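Encoded as structure tokens, the structure appears first; notes follow it.
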Amino acid sequence: MVRSVPEPRELLKIAIEVAREAAATAYRMRSQGVSVAATKSTVTDVVTAADRAVERQVHDALHRLRPGDAVLGEEYGEAGAGAAVRWIIDPIDGTVNYLYGVPHSAVSLAAEVDGVVVAGVVRNVVTGEEWTAAVGDGAWRDGQRLRCSTESDLGQALVATGFGYDPRRRQHQGRVLVELIPHIRDIRRFGAAALDLCLAAEGRVDAYYEKGLAAWDLAAGGLVATEAGLRVGGLGGATAGPDLVIAAPPGLFAPLHDRLADLDAAGGP
Ligand code: IPD
194 MVRSVPEPRE LLKIAIEVAR EAAATAYRMR SQGVSVAATK STVTDVVTAA
244 DRAVERQVHD ALHRLRPGDA VLGEEYGEAG AGAAVRWIID PIDGTVNYLY
294 GVPHSAVSLA AEVDGVVVAG VVRNVVTGEE WTAAVGDGAW RDGQRLRCST
344 ESDLGQALVA TGFGYDPRRR QHQGRVLVEL IPHIRDIRRF GAAALDLCLA
394 AEGRVDAYYE KGLAAWDLAA GGLVATEAGL RVGGLGGATA GPDLVIAAPP
444 GLFAPLHDRL ADLDAAGGP
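In the working numbering, the protein residues as written are 194 to 462.
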């Protein structure tokens with residue numbers, strides 16, 4: 194029997210339900226104390242018990258609600274490859290903030306259909322702010338429709354970015370930043386890529402760029418940003434991905450893109 198694929202709105206409803214429960218678990222575990230359970234790519238790339246518990250909970254919930262769908266998560270990788278619907282989970286984006294008690298971390302959950310992200314939710318674990326989008330239905334935060342900034346002057350742009358965990362990558366990213374910052378209003382480094390994209394979606398920053406994002410950092414926040422009117426892409430017409438993500442209002446994309454291209458922002462390790 195061929196299983197029908199639900200509409201993006203239906204997938205979003207499921208995503209919201211699951212992400213709310215997941216964020217509640219993350220919040221509860223944070224209030225009980227948190228420590229590093231393991232490190233991943235480098236000694237600063239940490240995993241807490243909550244990252245694992247939350248991803249496991251999301252897996253279990255999705256398995257119950259949508260058995261047969263594929264799942265890709267930051268901590269446990271891929272399961273059920275080949276299904277039409279794939280869920281992409283970042284159980285806690287902003288893990289270092291979470292570890293230090295900085296109230297800026299999020300559960301990020303997106304649904305892809307045939308490789309295209311069609312629904313996504315990003316929920317701040319501490320504040321409960323929740324950003325959602327289903328393809329074609331706009332971007333929303335807590336019932337309010339979102340529109341990105343209309344800034345087009347790079348010199349006036351407040352730009353968020355982030356850094357990877359590999360010291361050599363960070364060095365390259367730092368060099369790019371040193372050359373960019375004299376040409377913009379200022380930089381923000383909040384520490385959670387999914388939230389950076391959501392903040393750009395509502396104009397709390399004008400734009401965002403970063404090299405090295407994984408699918409789970411980008412999926413839900415990228416759709417929220419796109420649905421809020423941002424152009425989300427890479428260098429030279431490439432799609433946004435690990436090489437570079439640029440999210441900027443339509444009039445700001447080209448000036449930011451060109452500056453980042455000159456600075457070889459997608460280069461380095
Ligand atoms: C990280 C955060 C950070 C970004 C890194 C990500 P994690 O995700 O989103 O802001 O700069 O590139 O890896 O490790 O907290 O899930």
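We put the beta carbon where it would ideally sit given N, CA and C, even for glycine.
Values in this document were obtained by computation on a predicted structure and should not be read as measured data.
Opposing strand residues paired with Thr218 [DSSP bridges]: On the sequence shown, residue 218 is found 25 positions in, with the first residue counted as 1. Bridge partners of Thr218: none, in fact.
Ranges of the beta strand (DSSP E) found wholly within the region 239-280, counting only runs of at least 3: 239-241, 263-266, 270-272
Whether Gly355 touches Asp399 by CB criterion (8 angstroms): Stepping through the sequence shown from its first residue, residue 355 is reached at position 162. Stepping through the sequence shown from its first residue, residue 399 is reached at position 206. No; because the gap between Cβ atoms is not below 8 angstroms, this pair is not in contact.
One or two residues paired with Trp409 in a DSSP bridge: Taking the sequence shown and counting its residues from 1, one reaches residue 409 at position 216. DSSP lists no partner for Trp409.
Pairwise C-alpha distance: Ile374 and Trp280: As a position in the sequence shown, residue 280 is number 87, starting the count at 1. As a position in the sequence shown, residue 374 is number 181, starting the count at 1. Between Trp280 and Ile374, the C-alpha separation is close to 36 angstroms.
Complete beta strand (DSSP E) runs within the region 340-384 (minimum length 3 residues, chain order): 351-354, 379-381
CB of Pro201 within 8 angstroms of CB of Ala327, strictly: For the purposes of this step, residue 201 is taken as residue 8 along the sequence shown, with counting starting at 1. For the purposes of this step, residue 327 is taken as residue 134 along the sequence shown, with counting starting at 1. Going by C-beta atoms, Pro201 is nearer than 8 angstroms to Ala327.
For Thr288, three-class secondary structure by DSSP: By 1-based counting over the sequence shown, the position of residue 288 is 95. It is helical.
Cα-Cα separation between Arg213 and Arg259, rounded to whole angstroms: Mapped onto the sequence shown, residue 213 falls at position 20. Mapped onto the sequence shown, residue 259 falls at position 66. Taking the straight line from one Cα to the other gives about 17 angstroms.
Extent of the continuous alpha helix (DSSP H) run through Leu302: Translated into positions along the sequence shown, residue 302 becomes position 109. Element bounds for Leu302: not the alpha helix (DSSP H) but the beta strand (DSSP E), 299-306.
Exposure of Gln364, with buried meaning 16 or more beta-carbon neighbours within 10 Å: Taking the first residue of the sequence shown as 1, we reach residue 364 at position 171. Burial call: exposed.
Boundaries (first-last residue) of the alpha helix (DSSP H) holding Gly444: One-based indexing of the sequence shown puts residue 444 at position 251. Here the alpha helix (DSSP H) through Gly444 covers 443-455.
Endpoints, the alpha helix (DSSP H) within which Ala386 is located: Residue numbering aside, residue 386 sits at position 193 when the sequence shown is read from its first letter. Residues 386-394.
Candidates Trp324, Asp307, Val319, of which the one nearest Gly313 by Cα: Along the sequence shown, one-based indexing puts residue 313 at 120. Out of Trp324, Asp307, Val319, Trp324 has the C-alpha closest to the C-alpha of Gly313.
Assigned secondary structure, Leu437 (DSSP; H/G/I helix, E/B strand, else coil): Walking along the sequence shown from the start, residue 437 turns up at place 244. DSSP places Leu437 in strand when its eight states are reduced to three.
Helix, strand or coil at Thr419 [DSSP, three-state]: If you number the sequence shown from 1, residue 419 lands on position 226. It is helical.
Touch test, the region 301-308 against the region 332-349, Cβ-Cβ under 8 angstroms, three pairs minimum: no
Three-state secondary structure (DSSP) of Gly313: On the sequence shown, position 120 is the one that residue 313 refers to. In this structure, Gly313 counts as strand in the three-state DSSP scheme.
Rounded distance between the beta-carbons of Ser234 and Asp359, thought under 8 angstroms: The residue labelled residue 359 in the question sits at position 166 within the sequence shown. The residue labelled residue 234 in the question sits at position 41 within the sequence shown. Sure, about 6 angstroms apart at Cβ, within 8 angstroms.
Contact between the region 287-302 and the region 236-246 (3+ Cβ pairs under 8 angstroms): yes
beta-carbon Val289 near the ligand IPD non-hydrogen atom, thresh 7 angstroms: The count along the sequence shown starts at 1 and reaches residue 289 at position 96. Within the cutoff, so yes.
Residue(s) in a DSSP beta bridge with Pro432: Here residue 432 corresponds to residue number 239 of the sequence shown, with the count starting at 1. It should be noted that the sequence gives Thr, not Pro, for residue 432. In DSSP, Thr432 forms no bridge with anything.
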